[in-house]
Every structure is written in C-alpha cells, then in structure tokens.
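To convert a position in the sequence shown, counted from 1, into this note's numbering, add 2.
We put the CB at the ideal spot given by N, CA and C, even for glycine.
Structure, as structure tokens:
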Amino acid sequence: MDSDPVISIRGLRKRYGDVEAVRGIDLEVQPGEVFAFLGPNGAGKTTTVEILEGYRKRDDGEVTVLGEDPERAGRAWRERIGIVLQSCRLDPYLTVRESLGLYAGYYSNPMSIEETIELAGLGGKANSRTGALSGGQQRRLDVGMALIGNPELLFLDEPTTGFDPSARRQTWETIAGLRDLGKTVFLTTHYMDEAQRLADRVAILVRGEVVARGTPEDLGDRENRPARITYRDAGREVQLETTNAVETLNELTGRALAEGLELEGLEVTRPSLEDVYLELTDQ
3 MDSDPVISIR
13 GLRKRYGDVE
23 AVRGIDLEVQ
33 PGEVFAFLGP
43 NGAGKTTTVE
53 ILEGYRKRDD
63 GEVTVLGEDP
73 ERAGRAWRER
83 IGIVLQSCRL
93 DPYLTVRESL
103 GLYAGYYSNP
113 MSIEETIELA
123 GLGGKANSRT
133 GALSGGQQRR
143 LDVGMALIGN
153 PELLFLDEPT
163 TGFDPSARRQ
173 TWETIAGLRD
183 LGKTVFLTTH
193 YMDEAQRLAD
203 RVAILVRGEV
213 VARGTPEDLG
223 DRENRPARIT
233 YRDAGREVQL
243 ETTNAVETLN
253 ELTGRALAEG
263 LELEGLEVTR
273 PSLEDVYLEL
283 TDQ
C-alpha cells in the first residue's frame, strides 16, 4: 500500500485585500523526499509555507500536513515538525551543546544531544560558543535546533543565503543526510544548483500559481529539449542545436579529423534547471 503524503494541498487560496497571493495551489509531498519550492520574490512561497506551518490562516482549499490541518493542530503535531528560518538568533555565549540541550527540554521525545551534534556536522565544535561559529557552522546549528525534537518533517527556508561556496556545500551535506534518516524536507531556495543537487522533486510558483512540477531532470521537459554544441574554429565561436547529440557529434568530429580542424573548447550542454526556471518566471 502506498504511504499517505506528508503534505497534501488542494485548491489553496490566500488573499490580502485585493491581491490574491496564492491562487488555487495543488501539491503533494511524499514521505522521505526533499521537495524544493521555487519562485521569485512575491510569488506566494512564504505565504504558502506559513500556512503549512500553521502560522497563517488560508481563505480556501484543503491542507493536511502529517495527516492534520495545520490551522487546528496542537502541540503534539507541532513536535513532529522542525523549522529552520532564514535567520535565527541564539545566545552567543552558550556553547553548541548547551544550546541544543536548552531546546531539547522543550520536547517530549528529543533526539540525543550528541547524536544531533554529529548529524549537524558539528562534532568538532560542540564546546564552542555559538557567537564564535562561522556562517556555515551557524547554519548547521540551526538545522540541529530543528532536528533536536526528532521531527518527521523539516521546513528549510533559504538555508544557504549569503554563504560562500565552501559553506554552502557543507550545508548541502547536512541536508542530504536528512534524507538518509528518512526525514521529509520542504526546501525553499533561490539557488537552482541547490535545488538540482538536493531535491527529489521541484515545484515552481509564479504569481501564486504552480507553473511547473517534476524532478529537477525532467522539469519543463528538459530531457527532450535540443542540446547545444559549442566550439571554436579558427578563433570563431560556433553554436549548434540538435535533438540527436551523438549523431551530430559523430559527424562533426569525423569532418574535423578528415579536414585537420581543431574543435577548441568543444562542449555539449542541455538546458539547465536555471534556464527552465528563468523561462518559466520570465526573468
């Protein structure tokens, strides 16, 4: 028997005065997957996530999260979710271990502090004060704070905004590890490479409506779009589009060998997730 979805949304609507911020969204998120929710500023992402978290009332539609309506769910339900906000404030004088211990006291069945430290990738920083952590380490601690209650579902809001490449990749490792634990992750991000790397499925929201959904590989019919072949010949850049990259490459390289030509910088690419996103959001 198939498992029930962790998140189910049918016809979700939310209006602010004359502005309809969310316009009839339908979505499902399955157990154990990382689901990326993408869209430009003002698309309705924050409103949707706040409704799912139980912090904002909807105007219409049906919503269930972990089998309950977030508007009416109580404390037992809230202990089953974890939330990582875009920015969190922690006491800078407490150590990592002390901070997690403080939060663990709020839950009836928390994870062990030591296990959470290891899962968050902070094994070498357990006794460091939070105010002395780097940006990437601080974000890992934010994830640890969301994990300490042993939730089934985590909401991650722009988890790597402002990070350098090294810190971003470290945080990606932590998020990818949540999937291995069987956690379900609802991720909002502006970074397409982040969604490509982490997400099992993606939905793109534009002006309050879902305009595309699928895996990062097939979103927007990427797999069937023409490939682009680029190279330089005698200093001139050449670009070709083809629906049969293997055949075109065979012809191209065969001719180059026969005529003694150099195909400098030869590269074959397909439309990226970012290309599809920019097209769908008209950016």
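Separation of residue j from residue i, as counted between CA atoms
i	j	result
Asp6	Gly103	33 Å
Val67	Arg234	53 Å
Val212	Asp28	8 Å
Leu111	Ala122	It is Asn, not Leu, that sits at residue 111 in the sequence shown. About 18 Å.
Ser136	Arg142	10 Å
Thr271	Arg230	5 Å
Glu100	Glu266	57 Å
Leu263	Val204	43 Å
Glu73	Trp79	11 Å
Pro94	Gln140	11 Å
Cys90	Leu282	32 Å
Val248	Leu254	10 Å
Val240	Arg257	15 Å
Gly210	Ala128	42 Å
Thr250	Ile115	57 Å
Pro273	Glu243	11 Å
Gly46	Asp220	24 Å
Arg58	Glu52	5 Å
Val278	Gly44	19 Å
Phe165	Leu87	15 Å
Met3	Gln32	Note that Met3 scores a pLDDT of 40, beneath 50, so its modelled location is shaky; the value from the coordinates is reported in the next line. Using only the alpha carbons, I get a separation of about 14 Å.
Ala134	Gly126	13 Å
Val98	Leu54	29 Å
Arg202	Ala178	Before going on, a small fix: residue 202 reads as Asp here, not Arg. When rounded, the distance between both Cα atoms is 11 Å.
Tyr18	Tyr105	34 Å
Nearest-angstrom Cβ-Cβ length linking residue i and residue j, presumed shorter than 8 Å
i	j	result
Ala38	Ala197	4 Å
Leu14	Val24	6 Å
Thr176	Arg170	That pair is no contact at about 11 Å.
Thr173	Gly138	6 Å
Pro153	Arg82	6 Å
Arg181	Gly34	7 Å
Residue from the options with nearest C-alpha to residue i
i	options	result
Gly69	Ile9, Gly13, Gly34 and Leu29	Ile9
Asp61	Ala45, Leu96 and Glu22	Glu22
Asp71	Leu280, Gly138, Glu81 and Gly56	Gly56
Thr232	Gly133, Leu207 and Leu268	Leu268
Val145	Leu259, Gly107 and Glu120	Glu120
Pro42	Gly164, Gly19, Ile206 and Gly107	Ile206
Asp284	Asp202, Asp220 and Val208	Val208
Arg77	Leu96, Tyr109 and Tyr105	Tyr109
Ala214	Ala178, Ala236, Leu259 and Leu280	Leu280
Glu30	Gly19, Tyr18 and Val65	Val65
Met183	Met113, Arg238 and Ala236	What sits at residue 183 in the sequence shown is Leu, not Met. For the residues Met113, Arg238 and Ala236, the minimum Cα distance to Leu183 belongs to Met113.
Whether residue i touches residue j by CB criterion (7 Å)
i	j	result
Met194	Leu275	yes
Lys16	Thr48	no
Val36	Leu200	yes
Pro228	Thr245	yes
Ile85	Thr118	no
Thr186	Glu160	no
Arg131	Gly63	no
Leu124	Leu158	no
Sheet register partners of residue i (DSSP bridge)
i	result
Val36	Val187
Gly256	Note: Gly256 sits in no beta bridge, so no partner.
Ile83	Leu155
Thr50	According to DSSP, Thr50 bridges with nothing at all.
Leu14	Ile27
Val208	Glu211
Leu242	Ile231
Val67	Ile9 and Glu70
Asp62	Arg15
Val278	Paired residue(s): none; Val278 is not in a bridge.
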